[in-house]
Amino acid sequence: MPLITPSGPTALIAEDEPLLAAALQAELARAWPELRVLATVGDGTSAVHQALALQPDVLFFDIRMPGQTGLDAAAELAERWDTTAAGARPFPALVFVTAYDDYAVQAFEAQAVDYLLKPVQAVRLQKTVEKLRKASVKRSSNAIDSEAAMEPMLARLRGLLAPPASAPAPRLTVIPASLPGTSGASGASIRMVPVDEVLFFEAADKYLRVLTAHAEYLIRTPLKELATQLDPQVFWQIHRSTLVRASLIDTVTRDEAGKLSLTLRGHPVRLPVSRLYAHLFRAM
Amino acid sequence: MPPIQPAAIARHALVAALFNTVLAVAITLSGHQGFAVNLLYSQLIGLTIWALIDAGRLLVFAQGWSTAPAMAGLVLVAVLVGYFGGSAAGDLLLGYPPLHGLNRFPKAMTGFLLMSLAAGAVGTYYFTSRALLASARLAHEEALRQASEARLKLLESQLEPHMLFNTLANLRALIGIDPTRAQVMVDHLNRYLRATLGGARARTHPLAAEFARLEDYLELMAIRMGPRLRFTLDLPTALREVPVPPLLLQPLVENAIRHGLEPCIEGGHITVRARREADTLVLEVADTGQGLEAAAPALRAASGGFGLTQVRERLATAFGPEGTLELRADNEQFTMGIKRFPLKSCP
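Line by line, the protein sequences are chains X and F. All letters in the first sequence, in the order written, are residues 39 to 322 by this note's numbering. All letters in the second sequence, in the order written, are residues 22 to 368 by this note's numbering.
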């Protein structure tokens with residue numbers, strides 16, 4: 039299966055500011071005439087859906103977007119990208135676009151991730167385009183094991199997603215949570231759940247489920263925020279939406295489709311492991 | 022114990038030794054004993070007093086200096102101990118029986134005692150007030166530094182780099198597509214920058230000007246966000262001239278966009294409204310964004326709620342306790358900033 043279809047390379051632009059999306063498309067038309075922009079979306083959720091549906095070769099993701107950030111969208115896409123189906127295409131090349139964000143730019147540099155600064159300058163864009171062209175030629179020539187081919191990109195994404203090491207938040211010992219069915223923050227009673235009793239955390243819609251051996255609780259803190267307050271040696275992230283007590287992981291299995299999942303001692307659940315965190319379970 | 026400053030201690034010792042010498046000369050001139058003997062007694066007594074005061078204040082007081090009654094107590098103790106101790110030491114050195122001088126020249130020695138007391142008190146008073154003055158100056162400089170830091174933070178929050186660079190990126194795009202609209206955008210940006218940079222200086226401006234600046238900001242944001250941002254500005258004619266602190270509402274409108282509308286894929290509507298309730302001016306910033314409950318964690322996290330704190334502080338400075346700010350969630354989709362302040366006491 040050749041990477042570049044006869045009709046030439048394709049791209050998806052995710053940018054919430056309409057003028058900037060149009061400007062990027064216009065600059066791309068000059069810098070890379072063969073490139074076809076399949077769609078332009080304005081939020082992080084549509085970015086994932088459209089990328090999965092259209093399977094473009096290159097993604098231009100804005101960082102600050104409604105729905106979810108460009109970074110989170112890229113992570114979700116990396117988890118959901120299908121590498122096993124017939125006619126599966128390699129994971130697209132990723133280019134982040136940002137206006138001004140010291141931390142993001144530093145992180146991009148540190149992880150050697152392609153990025154463009156807004157307003158996009160023709161010279162800089164030309165360089166990025168040349169890099170993308172070279173990479174796509176290389177990828178189309180040896181895109182046999184697409185799962186393994188994704189690993190460098192997954193490592194870079196993990197590097198970007200890791201919380202900044204500078205100021206670790208104080209570790210939680212007890213979590214004030216509400217029981218499901220009671221109406222969250224506005225009412226009912228709060229249960230103080232010792233972190234030591236928690237088996238795993240799972241993001242569900244607006245809430246985060248907190249599971250102990252015998253009960254389930256809900257909190258509103260986003261998983262990302264909570265993760266900074268827990269010991270990363272004790273709770274492992276195994277999915278964008280799951281943190282699990284590492285010492286309780288029992289078995290990790292790979293199904294026919296190549297998808298990893300794990301079971302826990304003391305709880306009947308089977309939790310999916312995303313490919314972003316599959317590196318945790320390579321046999322030592 | 023407070024930090025020991027060798028330079029200051031050496032200076033105190035030198036002043037004490039000089040004073041002791043002058044005293045010895047004075048006593049010699051008034052005809053009591055020889056200069057050498059007088060100098061010996063004078064230095065022994067004077068330096069003991071100095072040492073007791075300087076060491077005492079460092080050991081006893083946490084700051085190294087204290088209030089007048091406490092310092093006076095220290096001086097009294099130091100002078101008495103220093104006087105009798107120093108005299109005794111002098112007697113011992115010269116082979117006299119203890120307190121020999123006091124017995125032989127009672128009048129002169131009493132005068133000497135009072136002199137020591139006065140010198141100790143004056144010296145201590147002088148150095149204490151100097152040290153207190155220096156620490157007051159230090160505190161004042163610290164306050165000034167904090168004030169300018171707060172101003173800088175305010176400016177940074179208003180001239181948020183992300184906002185500026187995104188606006189410029191949009192402007193660049195607009196120049197190619199629609200030069201006329203680009204010019205309008207530059208005008209808005211121009212007025213917005215002028216108001217933001219100059220806003221810290223003027224104490225008040227008319228409410229009409231406040232609304233015009235908000236319109237500049239909202240127009241800029243509307244070009245960026247496209248159809249995701251709709252807004253209504255509602256200012257009754259009767260209230261146009263009411264003076265308000267400049268850019269008072271700006272942080273609330275920014276919050277409405279950043280924490281209300283921006284997280285919503287479909288965007289929303291912002292309403293800024295002024296109205297009169299009896300003697301009170303009520304200003305409202307309302308939005309149909311993601312709602313207060315959903316925005317709360319982000320509002321807290323965003324530089325410690327700096328925007329709201331700053332608005333509250335400015336209200337308190339301008340109107341005292343009658344200027345209030347409340348956040349209200351009218352329903353799931355409504356976030357509001359309301360401020361009330363008395364019309365009469367507007368500065």
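Positions of the beta carbon are idealized from the N, C-alpha and C atoms, including for glycine.
- Query: Can you give the beta carbon distance from L302(X) to F239(X), rounded, assuming they're within the 8 Å contact cut?
  - Reply: Within the first sequence, residue 302(X) is the residue found at index 264, counting from 1. Within the first sequence, residue 239(X) is the residue found at index 201, counting from 1. Wrong, their Cβ atoms sit about 13 Å apart, outside the cutoff.
- Query: What number of angstroms, rounded off, separates the C-alpha of G67(F) from the C-alpha of S156(F)?
  - Reply: Within the second sequence, the letter at position 46 stands for residue 67(F). Within the second sequence, the letter at position 135 stands for residue 156(F). Here the alpha carbons of S156(F) and G67(F) stand approximately 27 Å from one another.
- Item | Burial state of K156(X), where buried means 16 or more other Cβ atoms lie within 10 Å | By 1-based counting over the first sequence, the position of residue 156(X) is 118. Under this definition K156(X) is a buried residue.
- Secondary structure of F273(X), DSSP reduced to three states: Residue 273(X) sits at position 235 when you count from the first residue of the first sequence. In this structure, DSSP gives F273(X) an extended state, which the three-state scheme calls strand.
- Could you check what DSSP says for S324(F) in three-state terms: helix, strand or coil? Here residue 324(F) refers to the residue found at position 303 when the second sequence is read from its first residue. Here the model assigns S324(F) a pLDDT of 46, short of 50, so the residue's position is not dependable and the matter cannot be decided.
- Please compile the residues from chain X whose C-beta is within a distance smaller than 7 Å of the C-beta of E283(F). Within the second sequence, numbered from 1, the residue matching residue 283(F) stands at position 262. In chain order: P104.
- Task: Select from T291(X), R320(X) and L154(X) the residue whose C-alpha is nearest the C-alpha of L309(X).
- Result: Taking the first residue of the first sequence as 1, we reach residue 309(X) at position 271. Ranking T291(X), R320(X) and L154(X) by Cα distance to L309(X) puts T291(X) first.
- Query: When we look at the beta-carbon of M103(X) and count the other beta-carbons within 10 Å, is it buried (16 or more) or exposed?
  - Reply: For the purposes of this step, residue 103(X) is taken as the residue at position 65 of the first sequence. Of the other Cβ atoms in all chains shown, 16 or more fall within 10 Å of the Cβ of M103(X); this residue is therefore buried.
- Whose CA, out of P47(X), Q271(X), Y315(X) and A61(X), lies closest to the CA of P190(X)? Here residue 190(X) refers to the residue found at position 152 when the first sequence is read from its first residue. The candidate whose alpha carbon is nearest that of P190(X) is Y315(X).
- Query: By the 10 Å Cβ neighbour count, where 16 or more other Cβ atoms means buried, how is H161(F) classified, buried or exposed?
  - Reply: Locating residue 161(F) in the second sequence gives position 140, counting from the first residue. With fewer than 16 other Cβ atoms from the protein chains shown falling within 10 Å of its own Cβ, H161(F) counts as exposed.
- Message: Is there a Cβ of chain F sitting closer than 8 Å to that of P56(X), yes or no?
- Response: As a working mapping, residue 56(X) is identified with position 18 in the first sequence. With 8 Å as the cut-off, P56(X) counts as an interface residue toward chain F.
- Message: Tell me which residues share the same chain as F187(F) and place their Cβ nearer than 7 Å to its Cβ, disregarding the 5 neighbours each side in the sequence.
- Response: Mapped onto the second sequence, residue 187(F) falls at position 166. The sequence given here has Asn at residue 187(F), not Phe. Excluding residues within five positions, the ones whose Cβ falls inside 7 Å are R245.
- Contained alpha helix (DSSP H) runs [length at least 4] in the region 102 to 149 of chain F, N- to C-terminal order: Given a length threshold of 4 residues, each whole run of the alpha helix (DSSP H) inside the region 102 to 149 of chain F is given here in chain order: 121 to 125.
- Message: Among the candidates D81(X), S216(X), S279(X) and L268(X), whose CA atom is the shortest distance from the CA of D234(X)?
- Response: Within the first sequence, the letter at position 196 stands for residue 234(X). Nearest option by C-alpha distance: L268(X).
- Return yes when the Cβ of V96(F) is within less than 8 Å of the Cβ of G141(F), no when it is not. Stepping through the second sequence from its first residue, residue 141(F) is reached at position 120. Stepping through the second sequence from its first residue, residue 96(F) is reached at position 75. The answer is yes: Cβ separation under 8 Å.
- Query: In three-state DSSP terms, what is D75(F)?
  - Reply: Looking up residue 75(F) in the second sequence gives position 54. Residue state, collapsed to three classes: helix.
- Query: Does DSSP put R261(F) in a helix, in a strand, or in coil?
  - Reply: For the purposes of this step, residue 261(F) is identified with residue 240 of the second sequence, where counting begins at 1. Shown here, R261(F) sits in coil according to DSSP, grouped into three states, outside any helix or strand.
- Item | Nearest candidate by alpha-carbon position, reference P47(X), set W70(X), D288(X), A64(X) and L57(X) | Along the first sequence, one-based indexing puts residue 47(X) at 9. Distances from the CA of P47(X) to each of W70(X), D288(X), A64(X) and L57(X) were compared; the closest alpha carbon is that of W70(X).
- Report yes if the CB atom of V306(F) is closer than 8 Å to the CB atom of L273(F), and no otherwise. The residue labelled residue 306(F) in the question sits at position 285 within the second sequence. The residue labelled residue 273(F) in the question sits at position 252 within the second sequence. One thing to note: V306(F) has its Cβ within 8 Å of the Cβ of L273(F).
- Task: Taking only beta carbons into account, state which residues of the region 140 to 158 of chain X come closer than 7 Å to chain F, listed in chain order.
- Result: Within the region 140 to 158 of chain X, the residues whose Cβ lies closer than 7 Å to some Cβ of chain F are K156 and P157, listed in chain order.
- Message: Do V212(X) and M230(X) have their beta-carbon atoms positioned less than 8 Å apart in this structure?
- Response: Here residue 230(X) refers to the residue found at position 192 when the first sequence is read from its first residue. Here residue 212(X) refers to the residue found at position 174 when the first sequence is read from its first residue. Yes, Cβ-Cβ distance for M230(X) and V212(X) is below 8 Å.
- Is D81(X) close to chain F, meaning its C-beta is less than 8 Å from at least one C-beta of that chain? Within the first sequence, the letter at position 43 stands for residue 81(X). Output row for D81(X): interface = yes.
- To the nearest angstrom, report how far apart I198(F) and P128(X) are at their CA atoms. As a working note, residue 198(F) is residue 177 in the second sequence. As a working note, residue 128(X) is residue 90 in the first sequence. About 36 Å.
- At least three beta-carbon pairs within less than 8 Å, the region 58 to 78 of chain X to the region 203 to 218 of chain F: The region 58 to 78 of chain X vs the region 203 to 218 of chain F: no contact.
- Item | Minimum Cβ-Cβ distance from A137(X) to chain F less than 8 Å | For the purposes of this step, residue 137(X) is taken as the residue at position 99 of the first sequence. By this cut-off, A137(X) is an interface position.
- Task: For A137(X), name the three-state secondary structure that DSSP assigns.
- Result: For this step, residue 137(X) is matched to residue 99 along the first sequence. Reduced to three states, the DSSP call for A137(X) is coil.
- Taking a cut of 9 Å between CB atoms, which residues from the region 83 to 95 of chain X lie near chain F? So the close ones are T83 and S84.
- Query: Is it the case that the Cβ atoms of F252(F) and L239(F) are separated by a distance below 8 Å?
  - Reply: Mapped onto the second sequence, residue 252(F) falls at position 231. Mapped onto the second sequence, residue 239(F) falls at position 218. Cβ distance < 8 Å, so F252(F) and L239(F) count as in contact.
- When DSSP builds the beta bridges, which residues end up paired with A215(X)? Walking along the first sequence from the start, residue 215(X) turns up at place 177. Its beta-bridge partners are R229(X).
- Item | Beta-carbon neighbours of A190(F), restricted to chain X and to distances below 7 Å | Looking up residue 190(F) in the second sequence gives position 169. Those are L58, A137, K156 and P157, listed as they occur along chain X.
- Message: Can you tell me whether T107(X) is helix, strand or coil according to DSSP?
- Response: As a working note, residue 107(X) is residue 69 in the first sequence. In this structure, T107(X) counts as coil in the three-state DSSP scheme.
- Task: Indicate whether at least one CB of chain F lies closer than 8 Å to the CB of A49(X).
- Result: As a first step, residue 49(X) must be located in the first sequence, where it is residue number 11. For A49(X), the answer is no, since every Cβ of chain F falls outside 8 Å of its Cβ.
- Helix, strand or coil at L261(X) according to DSSP, with G and I counted as helix: For the purposes of this step, residue 261(X) is taken as the residue at position 223 of the first sequence. Collapsing the DSSP output to three states places L261(X) in a helix.
- Whole-angstrom Cβ separation of I25(F) and L80(F), contact assumed at under 8 Å? Locating residue 25(F) in the second sequence gives position 4, where the first residue counts as 1. Locating residue 80(F) in the second sequence gives position 59, where the first residue counts as 1. Cβ atoms of I25(F) and L80(F) stay farther apart than 8 Å, at about 11 Å.
- Name the two residues that bound the continuous beta strand (DSSP E) containing A193(X). What you label residue 193(X) is simply residue 155 of the first sequence in a count that begins at 1. For A193(X), there is no enclosing beta strand (DSSP E); the residue is found in the alpha helix (DSSP H) stretching over E189 to L199.
- Message: Does the CB of I42(X) have a neighbour CB from chain F at under 8 Å?
- Response: Your numbering for residue 42(X) matches position 4 in the first sequence. With a pLDDT of 47 at I42(X), under the threshold of 50, the modelled position of this residue cannot be trusted; read the value that follows with caution. Judged by the 8 Å Cβ criterion, I42(X) is not in contact with chain F.
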